[in-house]
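Visitor:
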Amino acid sequence: MNQKERMLAGLPYKAWLDGLSEERMENKKRIYRYNSLSPEQGEEQAALIKEIIGKCGENIWIETPFHCDYGWNIEVGENFFANYNLTILDVGKVVIGKNAQIAPNVSIYTAGHPVHPDSRNTGYEYGIGVTIGDNVWLGGNTVINPGVTIGNNVVIGAGSVVTKDLPDDVIAVGNPCRVLRKITEEDRKYYFKDREFDVEDYK
């Protein structure tokens, strides 16, 4: 296998060989154009992000600035929204479901390096994919580490560092991130903590 094939297989690889540097440079050019667009150029922004992201739904919006390594190794579902400063290191596959809400300063990392300094200094790194389900809300400054799978309908509290898989229908917080509690039908009537909706069309 060449180095790109090794990268995509989750094996140790060298990121500057077999055209990988050139692919990252081409994506950096697209990202630069995207982040440099005027706020008044919404149509251009909407079109360009679909050239950057490998696979996406019709309704996708990512506030600038946004950064990723390749772009083609990211898949997001319909109704995707990410706020400022989303960073995705997509040397491993990143798959995110529909109705994602991503707060500012979220980082999704698939890239990593050997722990031992001698092994790390050889230049080998790896990419282990991340999968995030439907209807997930990632709070501000959340970090998702390589190899993590997050279930459907999950809320992750601000400042969390997710190092292990999370099941469906939970609120999880902390560093390392841990399940706080299940999300229940009782939660439907509240918009913030113990504050109940004063309208009916939220249902």
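With full-length UniProt numbering applied, the sequence shown corresponds to residues 1 to 203, in that order. Just so you know, even glycine gets a beta-carbon here, dropped at the ideal spot from N, CA and C. Please read all numbers here as calculations on a predicted model, not as lab measurements.
According to DSSP, which residues form a beta bridge with Phe80?
Guide: In the DSSP output, where bridge partners are listed per residue, Phe80 has Ile60.
Visitor: For Thr131, which residues from the same chain have a beta carbon less than 6 Å from its beta carbon, with the 5 sequence-adjacent residues on both sides left out?
Guide: The answer, listed in chain order, is Val95, Thr149.
Visitor: With which residues is Thr131 paired in a DSSP beta bridge?
Guide: Val95, Thr149.
Visitor: In whole angstroms, what separates the C-alpha of Ala47 from that of Leu166?
Guide: Between Ala47 and Leu166, the C-alpha separation is close to 33 Å.
Visitor: Between which two residues does the alpha helix (DSSP H) containing Ser36 stretch?
Guide: Residues 20-36.
Visitor: For my contact list, Asp134 and Gly97 are in at a C-beta cut-off of 8 Å; report their separation, rounded to the angstrom.
Guide: With a Cβ gap of about 4 Å, Asp134 and Gly97 count as contacting.
Visitor: Classify Met25 as buried or exposed, calling it buried when 16 or more other Cβ atoms lie within 10 Å of its own Cβ.
Guide: By the neighbour-count rule (16 or more Cβ atoms within 10 Å), Met25 is not buried but exposed.
Visitor: In the DSSP assignment, find the beta strand (DSSP E) that holds Arg181 and state where it starts and stops.
Guide: 178-182 is the span of the beta strand (DSSP E), which, as asked, contains Arg181.
Visitor: Spatial neighbours of Asn2 within its chain, please: CB distance less than 6 Å, with the 5 preceding and 5 following residues excluded, ordered by chain position.
Guide: Here the set comprises Asp18.
Visitor: Give the straight-line distance between the Cα atoms of Ile102 and Pro117, rounded to the nearest whole angstrom.
Guide: Each residue's Cα considered, the two are about 34 Å apart.
Visitor: Could you say if the segment 77-97 and the segment 53-65 meet the contact criterion of at least three C-beta pairs nearer than 8 Å?
Guide: Yes, they touch.
Visitor: For Ser107, tell me which candidate among Ser119, Gly10, Pro146 has the shortest Cα-Cα distance.
Guide: For Ser107, the nearest C-alpha among the options comes from Pro146.
Visitor: Where do the ends of the alpha helix (DSSP H) carrying Ile49 lie?
Guide: Residues 42-52.
Visitor: In whole angstroms, give me the CA-to-CA distance for Leu37 and Glu185.
Guide: Approximately 42 Å, taken between the alpha carbons.
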